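To start, the structure itself, in structure tokens.
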Amino acid sequence: MSSHHIPRRKIPLFGRELAMPQSRRLRIAIGMLLVILGILGFLPVLGFWMVPLGVLILSYEFAAVRRFRRRSVVWWERRKRPPGE
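Position 70 of the sequence shown, counting from 1, maps to 175 under this note's numbering, and the rest follow consecutively.
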């Protein structure tokens, strides 16, 4: 009997690693829920911070979301640079 240990997927977040569930469906559900509830960030308890976290989680599951996230990071880094650099 062989034991196949599947490593838990970890997402880096602010210098720490956040362990995600092993179930792909559960990870997708968490990401979608964060994005949807984050859009309602004007309500108490919920916040707009949930949208980028949901996109980050979904980017590990879907190539299209991963490309969007990478383009957003590149755009943000270019925007932060002083002009003429």
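All C-beta atoms in this analysis are idealised placements derived from N, C-alpha and C, irrespective of residue type, glycine included.
Note that this is a predicted model, so its numbers are computed, not measured.
Burial is judged here by how many other beta carbons sit within 10 angstroms of a residue's own beta carbon; S164 has at least 16 and is buried. Annotation for P126: no beta strand (DSSP E) segment contains it, and DSSP assigns it neither H nor E. Per the DSSP secondary-structure output, L118 pairs in a beta bridge with R121. Contact check for L151 against G159 fails: the beta carbons are separated by 9 angstroms or more. Put simply, the backbone Cα of R130 is about 44 angstroms away from that of P188.
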